[in-house]
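Trainee: Handing you a structure now.
Numbering (the working numbering), first residue to last: 34 to 100.
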């Protein structure tokens with residue numbers, strides 16, 4: 034599995050979104066996004082799919098390591 038922290042942070046920043054903005058789009062708290070980005074929390078499968086959907090990327094793009 035890819036480093037979710039880096040991938041999520043990179044995708045969020047590419048969109049010019051703050052952690053709060055991503056949290057609002059995903060329907061979670063800002064603290065949840067912070068925890069994922071800091072590696073303190075692994076998202077559930079439904080949340081992972083929701084994050085991919087709101088960031089307009091595939092689940093594989095968020096969770097598959099770059100070769």
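Just so it is clear, CB atoms sit at the ideal spot from N, CA and C, and this is done for glycine as well.
Please list, in chain order, all residues of the same chain as residue 52 whose beta carbon is under 8 Å from its beta carbon, the five residues on each side excluded.
Mentor: Around residue 52: 45, 63, 66, 67 and 70.
Trainee: DSSP three-state call for residue 82: helix, strand or coil?
Mentor: Residue state for residue 82 is assigned as helix, using DSSP reduced to three classes.
Trainee: Who are the Cβ neighbours of residue 58 in its own chain at under 8 Å, not counting the five residues just before and after it?
Mentor: 50 and 87
Trainee: When you compare the CB positions of residue 41 and residue 61, do they come within less than 8 Å of one another, or not?
Mentor: No, the pair does not count as a contact, with Cβ atoms beyond the cut-off.
Trainee: Which term fits residue 95, buried or exposed, when burial requires 16 or more other beta carbons within 10 angstroms of its beta carbon?
Mentor: buried
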